[in-house]
Structures are given as structure tokens and as C-alpha cells.
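Asks: So that we are looking at the same thing, I have put the structure below in C-alpha cells.
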């Protein structure tokens, strides 16, 4: 069976929900549905969740809460009517309004977008409605409780042939509502997929899948057809706009693949996120490119550094003392570089330099700013000859000077450091070299 | 002025010494000469120094010491006679024999090769003879004393217009003789160059200079025309057969260039070792290639490693606890590799692995053996685009798979890890790519 999460724009109005129904009915394995709240119907429209935040705010500050609530109510009534449903949504809306007026917590208020949408979609699909408050749990301090959730949700799903569980929220031991971070319906879907032991977790959105490069830099980048969790993590760490870590972890643990699909193009296979390498993976191409600006290199020089036991450890201790995480540590013979993000070192630079001098007595120390890092990621690189040649050939042809290379800890990621001014040129060059891409310039 | 050290084969017989005289007289700045003992005159011949070791050994073990001493005496007498000199070398030889019979230390015995050669060459050149025992000093424990040596030698040289100082030895406070390590005449020459504030330290040998690659791997590699101390150190660390560290340090400190010259081809400029980069250096070519087999990679994997303060430090602490120096530490997102030489880890592997598990709690840990490292060194790489492209393009064309890349701490060294079986192929490919080299296959 499949667990399907649908995003807000996939459920923004009755027409979208009709598309969703056709998608669900086209594959009878789509047994558990996790809906978001209705999203934007058009540019400039307001998402229900944002309206609910505004409503809560207006109640608190004595603003036009009635007006805002009417907008919210209007959208649900319209969806209900256009789909020809019987759910007495007005009754639910009235209760929510009362609860907020009597001081319900913000998490309760904003989670009602998913709750109400779940009620309507359950009726429309003929699926059982399961309130997330009864199957997703947080502790009294607000921390998510994975074990309790998995056990109880799994038992509950055994009693339901087909079910709708609203995304984004659960409940604390006292019964009050607690939400995940915003966009948390992705997390709810992953949790449900794990509890249901789904064969795949389908995440239906308004995008065609994950892109091989940032579309702000590369024009019309190709869609990633298949990506492993590890590759996704490498791209995501390096700035690619992909799913939230917390939305991947539950299915990653259970080795359930995630399929990113487009509600507006349901025939397209989208992006499949798989737990492991397969047999068809050593094709020499890359999976994606991502990168970030904003790094510096501290270059430490000391004669016979390599013969000095503990030298590297002392550099690391200086970083740790200053609460600084490092990115990379390229090393030559008498030289050691430490690559740090500007964010990590901000306000700590002079103390760190003092400490490196004190701990390591270097011969010299230089700081180079304005470094951008680019990760070229691909399980297809494993044991394929010529990947580095293609990569650095493309950068050379584009006139990009290489300031750092780090490859070797992982067989599927070459990290290249370039000047920030060359960042976009470099990304485009690498994309073109591996993805053909006459679109890419 | 120039300090000139001449190696054993440059001084093996009267003919060679005549060449040396012509060289010295062709440049009047060659004012301080540091000779080795006479070396091999032909394949299968025995160096004087080796004969002296055998003599000492034979005296101790009651072997044919008379026969060996006659060989030694014969060579000096022949040189003296062929050069038409007056030095009563027999008198000096007799004293040495007596000293050894009365229990002189081995350092005294073996240093007499340089001493006697110095006496003859000084007369032949018309230079003053300065016994190294009077100007090169060790402490009572046998450690070289650079400051005392520099001050006293400098004063002594002020009184000599032109001088010969035998290489290889000096004296301890009680007047007994102490030698440097074998090949130590290179060190003596460097010390003399520093004391004399020479403009250049000429090191005359029987080779045309330093080679760009190992001639056992690359056929007829080109000579390195100019190399900086740092490049030399990088190549030498990575296995290139160059001068002993101790022979470079004194002149490195004083920023005196070293010129490696060939006695048998004095017109050739040889290799110039210079303190610093010059203006003519950014030509995109490399200075040399060196490499070594015998490394392993410990690949450590842990989710969210980058977010974990002190993770790298804990890996380093595990190494330090086991008294292990590391070579490189390539890092990805959730992965960290530690490159170690087999020699460093021998007998310590299982304890190290246990400690990494205990200190760092990795998700997984794998060990890959059979790694060779190749250093492609060149100050000409600095700010030149396309060096990495050429390097990795050449490796790809030769079918070499790249297991590790480390560049960035130094602007003049790209370190590449390959399988040991690909080592020679890789060296040849890189040499050919940068040095043209139809000879190289």
C-alpha cells in the first residue's frame, strides 16, 4: 500500500481536490491520505494556514477577527458545496471560533486548516477520517514521540481499510494540540508511511520533482529521476531546496522510498528517493549539483607539521573551544586548511586565531575569504573513470579557478571550492558538462 | 661568493679533480670548497668511506686490515702523484693508522676520507686548508651546535681568502671527531654557505639536477630548472629522491639558493632551489611529480556529523592516543576519511578502530587498503586555470580511477589517491600531460 501526502496547492480548491481524487482512484494501493490545508489558488491568494495565524492574531489584538474568519469559513463552504458534500462544516467552524475566543493555543488554531480539509476530503473519497490528535503524539514538553506514535497509529490503521489523517499536528498527553514546524505535513506523511509499513511514500506537490540544479542559476534544469537518501542529504546540506530532514528521517529509518509527484502532471514519474544504490547506478552521470557561498579558509603553515603528533587534533581543539564546526580540512605537507562558513565564525574570528596560535604555534596563518563550495553529487560516479576529468575540464573551459578540492570520504561527492564571483558560472559549467543541457546557459 | 660542495664521484680520481679545478677557476666567486671523500671511479669500485668502515671493522675483528689500508693509501698516493702535489700524504696516513690501532672512535676513522681529500685539493687549488674539526661543532651528547659553528666558522673564514673545508664531520667539546649522517657533506656545505653568507650554495654531483619524476617510472624525465624550498619539501615528503632535510635547513633559514650542478656537464645550469616564488612562476606547468604506495583510508560515516561539535577533534584524539600521524582527512557531509600510511598504523589498527568507535560512535566504519598517493607539485599552478582539468583528464585517458583528491591547503600541490596497481600508470600519465614527453612511455 501507499501513503500519499498532498500539499496545499494540490488541495487549494474543489477543482484541485477533484484531480487528487482521480489520482487516488487510479491506484487502489493509495490507502492512507495525508492532506495539507488548502493553499493558494492563484498568485497573491492567501493560504488557509496563514489566514488562521492572522485570525489568532486578530483575536489576541482585537483586530478584524470576524472578517478573517469569514474568509476561512467561505473557502471551506465553497469546497464542500462545489464537491457536493454533506459534512456540516459550519458546525465545526463554529466550534473552532468558540475555542479560539475562549483562549485555545495557537497550535490548535493553525492546525484546524488540515483538520477541516481532512474532514471534507475523507467524505469526498469515502475514506475513514482519523483525527491526527488521536494517532500522533508529543510529550508534555512538546517533543515528538516516535515510538508511541508508531505503535498507536499502526494499531488504529489496522481497523481502517482506507483513511485520511490530516497533516501538520498531533496531541500532547493533556490532549492539547501540538504542530510540527511549518511544512510539517511532509513529516506527518512520513510518519504515517512508517506506521503503515507503506511500500512507498508519495509526496504530491505542485513541482515536477527535485531538480538537478538551482533553477535560479540553470535554466530549466532536468528533473532527478532517482536519488538515494544519502545523495539527497548531501545536496540538501549544500543548499539544494529539498525536503526537511525531519520529513525524511522516519521513512529513511524504515527504508521506505519517497516518490515526489506533481498533482498537475500525474503521468510524470517525478523523483524517486530510494534507500540504497541499485545495480543500474554506475552510469557515470551525476545526480545533482548544489552549492553555497559564504565560506572562508584559514591556511595554517608549519614546517614538519606531518611529523608532529596531534597537530591536527590541536587545530580541532581550537575550533571546538570556540564552538565552531568546520566544513573541510584539506591538508598538504606542511600546510593545513580549515574551511568554515562565515556564519560559524562570525564574531569569533580573532579569538579563534589567537587560540590556533596558542595551541599549534604555526609558522604562519592566512585567512582567505569569499569562498563558495559546490557539491557535485552522484552515486553514478562510483568506480567510473573520468568524472573528475569532466568536472574540472568544464570548470577550466569556463575560466573558473579552483581553490579547493575535497573528494575521498564519500564515493559520490566531489566538493570544489571556487571564488564566490565564479559560483554561478561554475554551477552552469558542471551542469552542462554532465547533463548536456543546451537550455542551461 | 659561492660555497661549492663536490660529491665523491666528482673527486674519485685525479682526472675528476682536474675537472673540478677547471670548474672552480671558471668563476672566481667559488671561494669556499667542501669536498667529499673520493667515490667510485667505475661500477663495482669501492668508495673510500666504505673502505674506511671496512678498515675499522677489520681492526676490531682482526681481519685483513693491512690489506684494506693499503687500498686506501694507494688511492690517495695515486691522486697526489697524478696531480703532481707535494703533500706528504704518507705521513698523514701513518698517523691515521696508528690512531685507529690505538682505539680511535669510528667517526674519526671514517671522516679521514674527507680530511685527506681536503688536504690534497687545498694544495692543488692553492686554497687554505681548514680542518672541519676546528669550525664545525657538536655538543658532548653528539648534537650539532648551529650557533657556535656559525659564529666560529664565520670568524675563521674572514681570515682566509679562499679555503677548503672537508665535509661530513666536526668535533665535540673534548676534541673527538663526530660525523653527520652518511651523505653528510651536503650538510657541511650548507653550514659553510650559511656561515660565509654565500650568494649561492653550489652542490656539484654526478647527476644533471633533480628530475621531474622518478626515472624508474618515467623514461628520461626532464630536469627541474627551478624549484622552491617548499616544493622540494613537498616532493621529498612524497618520496622523491632529493637532498636530506638537514642539508637544506641551514641555507633555507638564511634564504640562500642551492644550485645542483653536474661536474661532468658543467655548462648545464642544473637545478636551482630558491627560497621564494618569483614573478616568472605562474606559467601553468608543474615542477615535479612524486608519490608513494602503502596507504589506507578509514572511512567513517555518521548522520549529521557536520552538526556535531568536536566530531573531527574526537577522531583526531583517537589517532593521537594511538600515536598515529595522519596524512589527509577528506570530508563529505556525513562522512569523514582518514588517510594513514601502512607504516603508521601497523600493529595498531584494531585498537584504533575500537577507539574511534568509543570516541565518535560512528554509524559505520570501513577500511580501504592499497591506496597510493601522488603529489603533483608546482608553484606555476597558482591562479592558473585548467591545471586540475589537465591532471584529471590525463588520468581518465589512462583509465585510472581516482579514489581521493585533496587540494586547497597549499596552492601548489594537488594530492591524488589511486589504487596501488594504477600508481605507475598515473605517474606517467601526469608527467606526459604536463611535460610533453614522447620519452615518457
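Chains as they are written, first to last, in this note's numbering: chain C, 1 to 441; chain H, 1001 to 1441. Heads up, the beta-carbon is just placed ideally off N, CA and C, and yes, glycines get one too.
So, is the C-beta of residue 242 of chain C closer than 7 Å to a C-beta in chain H?
Replies: no
Asks: With a threshold of 7 Å between beta-carbons, can residue 92 of chain C be considered close to chain H, or not?
Replies: no
Asks: Short of 7 Å Cβ to Cβ, which residues in the stretch 333-344 of chain C face chain H?
Replies: Taking 7 Å as the Cβ-Cβ cut-off against chain H, the residues of the stretch 333-344 of chain C that qualify are 333, 334, 335, 336 and 337.
Asks: Taking the DSSP output, what are the residues bridged to residue 1407 of chain H?
Replies: C:405
Asks: Roughly how many angstroms lie between the CA atoms of residue 1369 of chain H and residue 386 of chain C, to the nearest whole one?
Replies: 22 Å
Asks: Are residue 360 of chain C and residue 297 of chain C touching if we call contact CB-CB under 7 Å?
Replies: No, the Cβ-Cβ distance between residue 360 of chain C and residue 297 of chain C is not below 7 Å.
Asks: What residue does the beta strand (DSSP E) around residue 1228 of chain H start on, and which one ends it?
Replies: 1226-1228
Asks: Is it buried or exposed for residue 1215 of chain H, if we count other Cβ within 10 angstroms and need 16 for buried?
Replies: By the 10 Å Cβ count, residue 1215 of chain H comes out exposed.
Asks: What did DSSP end up calling residue 1110 of chain H once you bin it into helix, strand or coil?
Replies: helix
Asks: Which complete alpha helix (DSSP H) runs does the stretch 285-362 of chain C hold, if anything under 4 residues is left out?
Replies: 311-321, 342-345 and 349-360
Asks: Spell out the partners DSSP gives residue 1241 of chain H in its beta bridges.
Replies: Per DSSP, none; premise fails for residue 1241 of chain H.
Asks: On a CA-only basis, which of H:1053, H:1270, H:1151 and H:1064 is nearest residue 1111 of chain H? Give me that one, please.
Replies: H:1053
Asks: Kindly confirm or deny that the stretch 1132-1146 of chain H and the stretch 1164-1176 of chain H touch, where touching means at least three C-beta pairs closer than 8 Å.
Replies: Contact between the stretch 1132-1146 of chain H and the stretch 1164-1176 of chain H is present, because at least three Cβ pairs lie under 8 Å.
Asks: Judging by CA-CA distance, which residue of C:177, C:318, C:142 and C:225 is the nearest neighbour of residue 104 of chain C?
Replies: C:177
Asks: Check whether chain C comes within 7 Å of residue 1331 of chain H, counting only Cβ atoms and requiring the distance to be less than that.
Replies: yes
Asks: Counting contacts by CB-CB distance shorter than 7 Å, is residue 1276 of chain H in contact with chain C?
Replies: no
Asks: Going by beta carbon distance, what residues of the same chain come within less than 6 Å of residue 1311 of chain H, once the five residues before and after it are set aside?
Replies: The beta carbon of residue 1311 of chain H lies closer than 6 Å to those of 1305 in the same chain, with the five residues before and after it left out.
Asks: Quick check on DSSP: helix, strand or coil for residue 4 of chain C?
Replies: strand
Asks: DSSP has residue 417 of chain C in a bridge; who is on the other side?
Replies: C:373 and C:404
Asks: Please state if the CB of residue 1082 of chain H and the CB of residue 1167 of chain H are separated by a distance shorter than 7 Å.
Replies: With a cutoff of 7 Å on beta-carbon distance, residue 1167 of chain H and residue 1082 of chain H are scored as not near each other.
Asks: Please compile the residues from chain H whose C-beta is within a distance smaller than 9 Å of the C-beta of residue 405 of chain C.
Replies: 1388, 1405, 1406, 1407, 1408 and 1414
Asks: Counting only beta-carbon separations shorter than 7 Å, does residue 1399 of chain H have a partner in chain C?
Replies: yes
Asks: Are residue 1285 of chain H and residue 1434 of chain H closer than 7 Å when you measure CB to CB?
Replies: yes
Asks: Can you give the Cα-Cα distance for residue 1032 of chain H and residue 1260 of chain H, rounded to whole angstroms?
Replies: 16 Å
Asks: Please list the residues of the stretch 1292-1316 of chain H that have a C-beta atom closer than 9 Å to any C-beta atom in chain C, keeping them in chain order.
Replies: 1297, 1299, 1300, 1301, 1303, 1304, 1306, 1307, 1308, 1309, 1310, 1311, 1312, 1313, 1314, 1315 and 1316
Asks: Should residue 357 of chain C go down as buried or exposed, given a rule of 16 or more other Cβ atoms within 10 Å for buried?
Replies: exposed
Asks: Assuming residue 23 of chain C is part of the alpha helix (DSSP H), what are its boundary residues?
Replies: 14-25
Asks: Taking 7 Å as the threshold (beta carbon to beta carbon), is residue 509 of chain C in contact with chain H?
Replies: The requested residue 509 of chain C is not part of the displayed model; chain C covers only 1 to 441.
Asks: Compare the C-beta of residue 1194 of chain H against all C-beta atoms of chain B and say whether one is closer than 7 Å.
Replies: As a matter of chain content, chain B is missing from the structure shown, whose protein chains are C and H.
Asks: How many angstroms separate the CA atom of residue 393 of chain C from the CA atom of residue 1300 of chain H?
Replies: 30 Å
Asks: Looking at the structure shown, is residue 1093 of chain H part of a helix, part of a strand, or coil, going by DSSP?
Replies: helix
Asks: Can you tell me where the alpha helix (DSSP H) with residue 1087 of chain H in it begins and where it stops?
Replies: Note, residue 1087 of chain H: premise wrong, no alpha helix (DSSP H); not H, not E.
Asks: Does the beta carbon of residue 424 of chain C sit closer than 7 Å to a beta carbon anywhere in chain H?
Replies: Chain H, which has no Cβ nearer than 7 Å to the Cβ of residue 424 of chain C, makes this no.
Asks: Could you list which residues in chain C have their beta carbon closer than 7 Å to that of residue 1417 of chain H, in chain order?
Replies: 408
Asks: Go ahead and pull the three-state DSSP assignment for residue 379 of chain C.
Replies: Three-state DSSP puts residue 379 of chain C in a helix.
Asks: In whole angstroms, give me the CA-to-CA distance for residue 7 of chain C and residue 142 of chain C.
Replies: 24 Å
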